[in-house]
């Protein structure tokens, strides 16, 4: 009776080890495949960037042009928010006075 129990337990334990080994090998293959895919994707992107004229070696945007574009974009807003200025009184010495 005990022999069958030990054999059954041993078979279950061996099965768990085999499943663990298979999962470990599968994870390693997936990792290797992703590394290979990453290298191929990088080469493909690099070749596309090299073959399209003016795509990879364009000059940076002029900051003045960027500011003008942002100004034009802000002009198109229907209701611009205007924050009224807060006037703070000064005393005779020119120092700011407290509000209380």
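In the working numbering, the protein residues as written are 53 to 152. Glycine included, every Cβ here is placed at the ideal spot set by N, Cα and C.
Same chain only: Cβ atoms within 6 angstroms of residue i, ignoring 5 sequence neighbours per side
i, result
"residue 124", "none"
"residue 144", "none"
Beta-carbon proximity check, residue i vs residue j, cutoff 8 angstroms
i, j, result
"residue 148", "residue 139", "no"
7 angstroms Cβ shell around residue i - same chain, five flanking residues per side excluded
i, result
"residue 150", "none"
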